[in-house]
Amino acid sequence: MTGGMGDHKEVQEILGAYPRDPRHLLAALQDIQAEYKYLSIESMKEVARYLGVSESQVFSVATFYKALSLVPLGKKVIKVCAGTACHLRGAPRLVEAVEDALGIRDGETTEDGQFTLQTVNCVGACAMAPVVVVNERVYGKMGIADIPGMIETERKDEAGE
């Protein structure tokens, strides 16, 4: 494997947790992405061979779901909710604030590989709108003034401070 995906054995270990049944395609892709932060072409070929499906079927699933990525994601994925409630309460301005703070655009990853910015349709926390989710941590009722502190918190968290 290339591009930081580990080796054939590591992907096979992940796949080994599943029966050789195409019904487990999405779950296998999610587990590989959880481990490596993206799906390489090589890993998708491994999945196709293991589950006995075509490579095009694996690629179709991998590109259909926005939660799956074919490019490496940062260690921290910042997801700004763009659902109706969040949009009406300022989500577009939050996206701009994150872009300005990190020097990246939606869908991009910082050069140091620490952060990826994504907009998502809805995170299901409308009562806390606007919402930003960083990996599993939810930040609610966000304003543009809150963005620098959120990023600092996440940087410190990554550094173990």
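If you read the sequence shown in the numbering used here, its first letter stands for residue 4, the second for the next number, and so on. Don't be surprised by glycine CBs; every beta carbon is placed ideally from N, CA and C. These numbers come from a predicted model, not from an experiment.
Following the DSSP letters along the chain, one finds V123 inside the beta strand (DSSP E) bounded by residues 118-123.
Under DSSP, I35 shares a beta bridge with no residue. In the assembly as shown, Y68 is an exposed residue. Its beta-carbon has fewer than 16 other beta-carbons within 10 Å.
Here K79 carries a strand assignment [DSSP, helix/strand/coil]. Boundaries for R96: no beta strand (DSSP E) harbours it, while the alpha helix (DSSP H) harbouring it runs 94-105, taken from the DSSP string.
Within the same chain, A132, P133 come within 8 angstroms of R92 by CB-CB distance, once the 5 residues on both sides are set aside. Just measuring C-alpha positions, the residue of V74, L76, K12 sitting nearest Y53 is K12. DSSP places R108 in the coil class of the three-state scheme, outside both helix and strand. The C-alpha of A148 is placed about 44 angstroms away from the C-alpha of V50. Counting only the Cα atoms, S46 lies some 13 angstroms from S57. Secondary structure of Y53 (DSSP, three-state): helix.
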